[in-house]
Amino acid sequence: MRMVDIIIKKRSGLELTKEEIDFVINGFTNSSIPDYQMSSLAMAIVFNGMNKKEIGYLTNAMLYSGDTISLKGIEGIKVDKHSTGGVGDKTSLVLGPLVASCGVKLAKMSGRGLGHTGGTLDKLESIPGLTISIEKEDFIKQVNDIGIAIVGQTGTLVPADKKLYALRDVTGTVESIPLISSSIMSKKLASGSDTILLDVKFGSGAFMKTLDDARELARTMVDIGDELKRDTRAILTDMNEPLGLAIGNSLEVIEAINTLNGNGPKDLVELCTKAGAIMLMQAKKVETLEEGMKLITSKIESKEALDKLAQMVKAQGGDESYIYDPSKFEKAKYEYVVRSSKEGYVKEINALEIGESAMRLGAGRATKEDTIDLSAGIILNKKVGSHVEENEELCRVFTNKEDVSSVLEDIKESFKLSEEKVDVGPIIYEIIQ
Ligand code: URA
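Right, dumping it as structure tokens:
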């Protein structure tokens, strides 16, 4: 078999066989297939797509390119969730403790932020002392003892995706439903949970710009999960503006803590309550969405979910006193206020632009090697639909960088105002199962 023939076959829009896909993934993982041939094939897939059968073969080949994790040592149904990435997306930090406080086990492997999107691991590391590197036995023990652990992915899990994602990132081949769905699902399936909830974002701050594309990606991933007998469901959620009010690592942890204290922003609370209820249904804790939402809400009111977050932080070596007193988080040196130059209703806060601005303030990485400033970021004072007076505060900016005047200008430009009232849509548009 020759890689060049496989590239030409896909370039011509033909279906690849299981043997051909296995050959590609094995060869790329062991470096017998060079980056230039793999990127050429990735581009052919971007243009010509893959059918359901090919996507299944690709996911399977990636899934078994390295180790897989068995969570058999953990009692009960193990749930997992994954977000396709967005701006201000601190959902895991809220949802994890919420479902764990309902008695459901969450053994989660998360990622780091890249580009305009943040990552759960970076956010967690803004809690002093907390480690995301835990030996497998300790990981299993922690989930058995307290019901939750959120850790980094081990180096040997899905090595094919690690290599391929890095290559796609620099060859313009990220935005492809077959490549995204196989990338996400191979990692989720390798990490061993019984159920998977996918939060598929659409809008300016997401990979999928439209609801239709998000639906297609969600359907593809749910079908892959079903095929492999994992209860997989998806929610389609709006990422046309940042989620919640906080963007930036420690700022988002503080917002997650506030949410578990009963003071969360409306969109984040709605998302976590419904997504949590779906996860409880997947774990067979409740039968209906309403029942699940009631249980989730009760765990916010009783502060049991907040205590669960503190337990997790302590178990992973972090200082849990920060959870009960978020004023302890280190603050950035400089704080600026961005004001509106006119009156109106907010019709857009471009999530992609806000994410990129937060990155330039120090909150994100332009390349994998960059270090990040955990205290940098933005706190929105207005959301889509809000009324704004001339000169009123739109948001507050936190950074340790000296001159950020051009970033402040860009942040202001990311807010688009209208003279007419603006209707606000729901945060979850659809549930796919
Ligand atoms: N997230 C992933 O893990 N993989 C992709 O391809 C895109 C988003």
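Residue numbers (our numbering): 863 to 1295. Every residue, glycine too, gets a C-beta built ideally from N, C-alpha and C.
Can you name, in chain order, every residue of its own chain whose Cβ lies under 6 angstroms from the Cβ of Asp1181, other than the five neighbours on each side?
Pro990 and Gly991
Nonlocal neighbours in the same chain, by C-beta distance under 6 angstroms from Gly889, ignoring five residues either side
Ile895
Going by DSSP, name the residue or residues bridged to Met971.
Val1013
Label Asn1120 either buried or exposed according to how many other C-beta atoms from any shown protein chain fall within 10 Å of its C-beta, with 16 as the threshold for buried.
buried
Can you give the Cα-Cα distance for Ala1213 and Glu1281, rounded to whole angstroms?
21 angstroms
For Ser1112 and Ala1028, what's the separation of their Cα atoms in angstroms?
26 angstroms
Is any heavy atom in ligand 1 found nearer than 7 angstroms to the beta carbon of Leu1041?
yes
Assign Ser995 to buried or exposed, taking buried as 16 or more other Cβ atoms, counted over all protein chains shown, within 10 Å of its Cβ.
exposed
Val1062, DSSP secondary structure in three states
strand
Measure from the alpha carbon of Asn1006 to the alpha carbon of each residue in Lys967, Leu1133 and Asp984, then state which is nearest.
Lys967
Residues in its own chain within less than 8 angstroms of Lys839 by CB, not counting five upstream and five downstream?
No statement about residue 839 is possible, as the shown extent of the chain runs from 863 to 1295 and does not include it.
Consult DSSP for Thr953 and reduce its assignment to one of helix, strand or coil.
helix
Are the CB atoms of Leu1073 and Leu1105 within a distance shorter than 8 angstroms?
no
Can you list the alpha helix (DSSP H) stretches of 4 or more residues lying completely in the region 957-1008, in chain order?
982-986 and 998-1008
Relative to ligand 1, is the shortest distance from any of its heavy atoms to the C-beta of Thr946 smaller than 7 angstroms?
yes
So, is Asp1000 buried or exposed, given that buried needs 16 or more other C-beta atoms within 10 angstroms?
exposed
Under 7 angstroms: does the beta carbon of Ser972 sit that close to some heavy atom of ligand 3?
As presented, the structure is devoid of ligand 3, carrying ligand 1 as its sole ligands.
Selected residue, minimal CA-CA separation from Val1284, among Ser1248, Met1141 and Ile1294
Ser1248
If I follow the unbroken alpha helix (DSSP H) through Phe890, where does it start and stop?
Lys880 to Thr891
Arg864 classed as buried or exposed, judged by whether at least 16 other C-beta atoms fall within 10 angstroms
exposed
Inter-residue spacing [alpha-carbon to alpha-carbon] between Val1013 and Asp1265:
35 angstroms
Which term fits Tyr898, buried or exposed, when burial requires 16 or more other beta carbons within 10 angstroms of its beta carbon?
exposed
Ile1273 versus Ala1220: straight-line alpha-carbon distance, rounded
9 angstroms
Pop quiz: Leu957 and Gly1138 are said to be a contact at Cβ under 8 angstroms. What is the actual Cβ separation, rounded to whole angstroms?
5 angstroms
In this structure, does DSSP put Gly1226 in helix, strand or coil?
coil
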